[in-house]
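K.L.:
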Amino acid sequence: ALQMATSHQLGQNFSKPFEIKFLNKDTLEQYVWQTSWGISWRVIGAIIMVHGDDKGLILPPKISPIQVIIVPIYKDDSKTVVKQKAHELEQKLKDSKIRVQTDDRDEYTSGWKFNDWEMKGVPLRVNVGLRDIKENQVELIRRDTKERFYVTEKELVNQTLSTLENIQSNMFDRAKSHLQENTRSAATLEELLSVLDTSGGFVACSWCGKRECEDLVKEKTTADIRIVPFNPKNNISSCIGCGEQETIEVYFARAY
8 ALQMATSHQL GQNFSKPFEI KFLNKDTLEQ YVWQTSWGIS WRVIGAIIMV HGDDKGLILP
68 PKISPIQVII VPIYKDDSKT VVKQKAHELE QKLKDSKIRV QTDDRDEYTS GWKFNDWEMK
128 GVPLRVNVGL RDIKENQVEL IRRDTKERFY VTEKELVNQT LSTLENIQSN MFDRAKSHLQ
188 ENTRSAATLE ELLSVLDTSG GFVACSWCGK RECEDLVKEK TTADIRIVPF NPKNNISSCI
248 GCGEQETIEV YFARAY
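Taking the numbering used here, the leading residue of the sequence shown gets 8, the next gets one more, and so forth.
#1: Output the boundary residues of the beta strand (DSSP E) element that contains Trp40.
#2: Extract the residue ranges of the beta strand (DSSP E) inside the region 223-258, only unbroken runs of 3 or more that lie entirely within it.
#3: Compare the C-alpha of Lys99 against each of Lys82, Val75, Asp83 and Asp111 and name the closest.
#4: Going by DSSP, what residues sit across from Pro72 in a beta bridge?
#5: For Leu66, does the count of other Cβ atoms within 10 angstroms reach 16, so buried, or fall short, so exposed?
#6: Could you work out which residue in Leu196, Trp214 and Leu168 is closest to Val133 when comparing CA atoms only?
#7: Hey, how far is the Cα of Glu114 from the Cα of Lys120?
#8: Which partner residues of Leu131 appear in the DSSP bridge assignment?
#9: Using 8 Å as the cut-off, can you tell me whether the region 200-213 makes contact with the region 254-261, which would need three or more C-beta pairs spanning the two stretches below that distance?
#10: Could you name the residues of the same chain whose beta carbon sits closer than 7 Å to that of Asn242, not counting the 5 residues immediately before and after it, in chain order?
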(Lines of atoms letter the chains of each structure in order from A; the text may use other names.)
(Lines give C-alpha, C1' and ligand atoms only; values in the text may rest on other atoms or scores of the structure.)
Protein backbone atom coordinates (compact mmCIF):
# COMPACT_ATOMS: atom_id res chain seq x y z
CA ALA A 8 0.00 0.00 0.00
CA LEU A 9 1.36 3.42 -0.94
CA GLN A 10 0.57 6.74 0.64
CA MET A 11 0.07 8.75 -2.53
CA ALA A 12 -1.20 12.06 -3.83
CA THR A 13 -0.57 13.87 -0.56
CA SER A 14 -1.31 17.51 -1.35
CA HIS A 15 0.94 20.45 -0.56
CA GLN A 16 -0.04 24.07 -1.02
CA LEU A 17 3.12 25.67 -2.41
CA GLY A 18 1.55 29.08 -2.83
CA GLN A 19 3.83 31.39 -4.81
CA ASN A 20 7.04 30.24 -3.12
CA PHE A 21 8.44 28.86 -6.38
CA SER A 22 6.62 30.90 -8.99
CA LYS A 23 8.16 34.17 -7.82
CA PRO A 24 11.86 33.17 -7.87
CA PHE A 25 11.38 31.30 -11.17
CA GLU A 26 9.20 33.98 -12.78
CA ILE A 27 6.25 31.67 -13.54
CA LYS A 28 3.36 33.93 -14.51
CA PHE A 29 0.01 33.94 -16.28
CA LEU A 30 -2.33 36.54 -17.74
CA ASN A 31 -5.49 37.01 -15.68
CA LYS A 32 -8.91 37.99 -17.04
CA ASP A 33 -7.78 41.62 -17.10
CA THR A 34 -4.70 40.60 -19.16
CA LEU A 35 -2.43 41.47 -16.24
CA GLU A 36 0.54 39.29 -15.35
CA GLN A 37 0.30 37.45 -12.05
CA TYR A 38 2.40 34.80 -10.36
CA VAL A 39 0.82 31.36 -10.44
CA TRP A 40 -0.29 29.51 -7.33
CA GLN A 41 1.05 25.97 -7.21
CA THR A 42 0.28 22.67 -5.57
CA SER A 43 2.33 19.50 -5.31
CA TRP A 44 0.96 15.96 -5.24
CA GLY A 45 3.28 13.21 -3.96
CA ILE A 46 2.86 10.35 -6.41
CA SER A 47 5.58 10.10 -9.09
CA TRP A 48 8.54 8.76 -7.10
CA ARG A 49 6.27 6.50 -5.06
CA VAL A 50 4.85 4.88 -8.18
CA ILE A 51 8.38 4.30 -9.49
CA GLY A 52 9.31 2.72 -6.17
CA ALA A 53 6.24 0.48 -6.30
CA ILE A 54 7.15 -0.73 -9.80
CA ILE A 55 10.66 -1.62 -8.64
CA MET A 56 9.44 -3.42 -5.51
CA VAL A 57 6.55 -5.30 -7.10
CA HIS A 58 8.20 -6.46 -10.33
CA GLY A 59 11.96 -6.44 -9.72
CA ASP A 60 14.09 -9.45 -8.81
CA ASP A 61 17.62 -10.10 -7.52
CA LYS A 62 19.08 -9.30 -10.94
CA GLY A 63 17.54 -5.84 -11.17
CA LEU A 64 14.53 -4.13 -12.70
CA ILE A 65 11.76 -5.79 -14.66
CA LEU A 66 9.83 -3.07 -16.44
CA PRO A 67 6.34 -3.52 -17.90
CA PRO A 68 6.54 -2.98 -21.69
CA LYS A 69 3.95 -0.19 -21.67
CA ILE A 70 6.14 2.08 -19.55
CA SER A 71 9.64 0.86 -20.43
CA PRO A 72 11.61 3.58 -22.29
CA ILE A 73 13.29 0.79 -24.26
CA GLN A 74 11.02 -2.18 -24.97
CA VAL A 75 13.53 -4.20 -26.98
CA ILE A 76 17.31 -4.25 -26.88
CA ILE A 77 19.19 -5.83 -29.78
CA VAL A 78 22.61 -7.26 -28.96
CA PRO A 79 24.79 -8.14 -31.96
CA ILE A 80 27.15 -11.04 -31.19
CA TYR A 81 30.28 -10.98 -33.29
CA LYS A 82 33.99 -11.55 -33.62
CA ASP A 83 36.35 -9.19 -35.37
CA ASP A 84 35.88 -10.83 -38.77
CA SER A 85 32.05 -10.69 -38.57
CA LYS A 86 31.58 -7.38 -36.78
CA THR A 87 30.55 -5.31 -39.78
CA VAL A 88 27.96 -7.69 -41.20
CA VAL A 89 26.41 -8.53 -37.81
CA LYS A 90 26.17 -4.89 -36.76
CA GLN A 91 24.58 -4.02 -40.08
CA LYS A 92 21.97 -6.74 -39.67
CA ALA A 93 21.25 -5.61 -36.09
CA HIS A 94 20.52 -2.07 -37.27
CA GLU A 95 18.32 -3.40 -40.09
CA LEU A 96 16.28 -5.31 -37.52
CA GLU A 97 16.15 -2.22 -35.31
CA GLN A 98 14.66 -0.18 -38.13
CA LYS A 99 12.03 -2.84 -38.86
CA LEU A 100 10.90 -2.76 -35.25
CA LYS A 101 10.94 1.04 -35.15
CA ASP A 102 8.72 1.10 -38.23
CA SER A 103 6.17 -0.82 -36.14
CA LYS A 104 6.31 1.77 -33.34
CA ILE A 105 8.36 -0.46 -31.03
CA ARG A 106 10.82 1.36 -28.76
CA VAL A 107 14.05 -0.40 -29.65
CA GLN A 108 17.77 0.20 -29.39
CA THR A 109 20.89 -1.64 -30.62
CA ASP A 110 23.82 -2.05 -28.25
CA ASP A 111 26.77 -2.11 -30.63
CA ARG A 112 29.39 -0.89 -28.16
CA ASP A 113 32.74 -2.54 -28.90
CA GLU A 114 34.26 -1.95 -25.47
CA TYR A 115 31.98 -4.49 -23.76
CA THR A 116 31.52 -8.22 -24.29
CA SER A 117 28.17 -9.70 -25.22
CA GLY A 118 27.88 -11.29 -21.77
CA TRP A 119 28.46 -7.94 -20.09
CA LYS A 120 25.73 -6.39 -22.23
CA PHE A 121 23.30 -9.21 -21.39
CA ASN A 122 23.75 -8.55 -17.67
CA ASP A 123 23.62 -4.78 -18.12
CA TRP A 124 20.27 -4.78 -19.92
CA GLU A 125 18.88 -7.44 -17.63
CA MET A 126 19.69 -5.20 -14.66
CA LYS A 127 18.01 -2.25 -16.41
CA GLY A 128 14.84 -4.28 -16.86
CA VAL A 129 14.33 -4.07 -20.62
CA PRO A 130 11.40 -6.44 -21.30
CA LEU A 131 12.78 -8.23 -24.36
CA ARG A 132 16.26 -8.89 -25.72
CA VAL A 133 17.10 -9.88 -29.28
CA ASN A 134 20.39 -11.67 -29.89
CA VAL A 135 21.74 -11.88 -33.42
CA GLY A 136 25.02 -13.43 -34.53
CA LEU A 137 26.62 -14.61 -37.76
CA ARG A 138 25.07 -18.08 -37.49
CA ASP A 139 21.64 -16.52 -36.92
CA ILE A 140 22.05 -14.43 -40.04
CA LYS A 141 22.94 -17.52 -42.09
CA GLU A 142 19.89 -19.35 -40.71
CA ASN A 143 17.63 -16.31 -41.15
CA GLN A 144 16.67 -16.24 -37.46
CA VAL A 145 17.17 -14.34 -34.21
CA GLU A 146 16.92 -15.32 -30.56
CA LEU A 147 14.41 -13.64 -28.24
CA ILE A 148 14.87 -13.61 -24.45
CA ARG A 149 12.11 -12.48 -22.10
CA ARG A 150 13.11 -10.56 -18.98
CA ASP A 151 10.08 -11.65 -16.94
CA THR A 152 10.33 -15.43 -17.39
CA LYS A 153 13.86 -15.75 -18.84
CA GLU A 154 12.33 -17.86 -21.62
CA ARG A 155 14.46 -18.08 -24.80
CA PHE A 156 13.19 -18.94 -28.27
CA TYR A 157 14.08 -18.46 -31.92
CA VAL A 158 11.98 -16.76 -34.58
CA THR A 159 12.63 -16.16 -38.24
CA GLU A 160 13.51 -12.69 -39.38
CA LYS A 161 10.20 -12.57 -41.24
CA GLU A 162 8.31 -13.32 -38.00
CA LEU A 163 10.30 -10.90 -35.85
CA VAL A 164 7.93 -7.93 -35.83
CA ASN A 165 4.75 -9.91 -35.17
CA GLN A 166 6.43 -12.14 -32.59
CA THR A 167 7.90 -9.12 -30.83
CA LEU A 168 4.54 -7.35 -30.64
CA SER A 169 2.73 -10.43 -29.33
CA THR A 170 5.51 -11.23 -26.85
CA LEU A 171 5.51 -7.71 -25.43
CA GLU A 172 1.74 -7.94 -25.00
CA ASN A 173 2.13 -11.29 -23.26
CA ILE A 174 4.86 -9.95 -20.96
CA GLN A 175 2.60 -7.06 -19.96
CA SER A 176 -0.33 -9.33 -19.08
CA ASN A 177 1.90 -11.89 -17.37
CA MET A 178 3.47 -9.26 -15.13
CA PHE A 179 0.05 -7.91 -14.19
CA ASP A 180 -1.31 -11.37 -13.44
CA ARG A 181 1.77 -12.28 -11.40
CA ALA A 182 1.51 -9.12 -9.30
CA LYS A 183 -2.23 -9.58 -8.82
CA SER A 184 -1.72 -13.18 -7.74
CA HIS A 185 0.96 -12.13 -5.25
CA LEU A 186 -1.41 -9.55 -3.77
CA GLN A 187 -4.26 -12.05 -3.47
CA GLU A 188 -1.99 -14.65 -1.86
CA ASN A 189 -0.92 -12.11 0.76
CA THR A 190 -4.39 -10.77 1.57
CA ARG A 191 -6.33 -12.51 4.32
CA SER A 192 -9.26 -11.75 6.62
CA ALA A 193 -9.95 -11.71 10.34
CA ALA A 194 -13.17 -11.34 12.34
CA THR A 195 -11.72 -10.71 15.80
CA LEU A 196 -8.80 -8.85 17.31
CA GLU A 197 -7.20 -12.12 18.40
CA GLU A 198 -7.52 -13.56 14.90
CA LEU A 199 -6.01 -10.41 13.39
CA LEU A 200 -3.01 -10.62 15.71
CA SER A 201 -2.51 -14.29 14.85
CA VAL A 202 -2.65 -13.65 11.09
CA LEU A 203 -0.22 -10.75 11.34
CA ASP A 204 2.25 -12.76 13.43
CA THR A 205 2.17 -15.85 11.24
CA SER A 206 1.59 -14.54 7.72
CA GLY A 207 1.75 -10.75 7.59
CA GLY A 208 0.41 -8.99 4.53
CA PHE A 209 -2.98 -7.26 4.33
CA VAL A 210 -5.85 -8.34 6.55
CA ALA A 211 -9.46 -7.46 5.73
CA CYS A 212 -11.51 -6.56 8.81
CA SER A 213 -14.77 -4.84 9.66
CA TRP A 214 -14.47 -1.40 11.29
CA CYS A 215 -17.09 0.93 12.73
CA GLY A 216 -15.35 4.09 11.54
CA LYS A 217 -14.33 5.37 14.96
CA ARG A 218 -10.79 6.55 15.54
CA GLU A 219 -10.63 5.02 19.02
CA CYS A 220 -11.21 1.55 17.57
CA GLU A 221 -8.40 1.97 15.05
CA ASP A 222 -6.15 3.20 17.88
CA LEU A 223 -7.08 0.16 19.96
CA VAL A 224 -6.16 -2.22 17.14
CA LYS A 225 -2.86 -0.43 16.61
CA GLU A 226 -2.07 -0.61 20.32
CA LYS A 227 -2.77 -4.36 20.45
CA THR A 228 -1.24 -5.39 17.09
CA THR A 229 0.99 -2.48 15.86
CA ALA A 230 -1.09 -2.57 12.66
CA ASP A 231 -3.28 0.20 11.37
CA ILE A 232 -5.61 0.84 8.46
CA ARG A 233 -3.73 0.95 5.17
CA ILE A 234 -6.56 0.75 2.66
CA VAL A 235 -10.21 1.74 2.54
CA PRO A 236 -11.65 0.22 -0.68
CA PHE A 237 -13.44 2.48 -3.16
CA ASN A 238 -16.53 0.28 -2.79
CA PRO A 239 -16.19 -1.27 0.66
CA LYS A 240 -18.41 -4.13 1.76
CA ASN A 241 -20.76 -3.08 4.54
CA ASN A 242 -21.79 -4.92 7.69
CA ILE A 243 -19.94 -8.18 6.95
CA SER A 244 -19.29 -8.68 10.64
CA SER A 245 -19.07 -6.67 13.83
CA CYS A 246 -16.34 -4.09 14.38
CA ILE A 247 -13.02 -5.68 15.23
CA GLY A 248 -12.47 -3.10 17.96
CA CYS A 249 -15.79 -2.50 19.71
CA GLY A 250 -18.22 -5.07 18.33
CA GLU A 251 -20.58 -2.54 16.75
CA GLN A 252 -22.67 -4.04 13.93
CA GLU A 253 -22.65 -1.12 11.48
CA THR A 254 -19.27 -1.45 9.77
CA ILE A 255 -17.29 -1.13 6.56
CA GLU A 256 -14.50 -3.34 5.24
CA VAL A 257 -10.94 -2.00 5.64
CA TYR A 258 -7.48 -3.51 5.34
CA PHE A 259 -5.02 -3.52 8.22
CA ALA A 260 -1.27 -4.07 7.87
CA ARG A 261 1.94 -3.41 9.71
CA ALA A 262 4.48 -0.87 8.49
CA TYR A 263 8.04 -2.03 7.88
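Here a beta-carbon is modelled for each residue, glycine too, at the ideal position from N, C-alpha and C.
P.N.:
In short:
#1: Working through the sequence shown from its first residue, we reach residue 40 at position 33. It is not in any beta strand (DSSP E) - Trp40 carries neither H nor E in the DSSP assignment.
#2: 230-234
#3: The residue given as residue 99 occupies position 92 in the sequence shown. Per the Cα distances, Val75.
#4: Locating residue 72 in the sequence shown gives position 65, where the first residue counts as 1. Note: Pro72 sits in no beta bridge, so no partner.
#5: Along the sequence shown, read from residue 1 onward, the residue named residue 66 stands at position 59. Only buried fits Leu66, as 16 or more other CB atoms lie within 10 angstroms of its CB.
#6: Your numbering for residue 133 matches position 126 in the sequence shown. Residue Leu168 is the option with its Cα nearest to Val133.
#7: Along the sequence shown, read from residue 1 onward, the residue named residue 114 stands at position 107. Along the sequence shown, read from residue 1 onward, the residue named residue 120 stands at position 113. Cα-Cα distance, rounded: 10 Å.
#8: Here the question's residue 131 lines up with position 124 in the sequence shown. The partner list for Leu131 (beta bridge, DSSP) reads Val75 and Arg149.
#9: yes
#10: Position 235 of the sequence shown, counted from the start, is the residue given in the question as residue 242. The answer, listed in chain order, is Gln252, Glu253 and Thr254.
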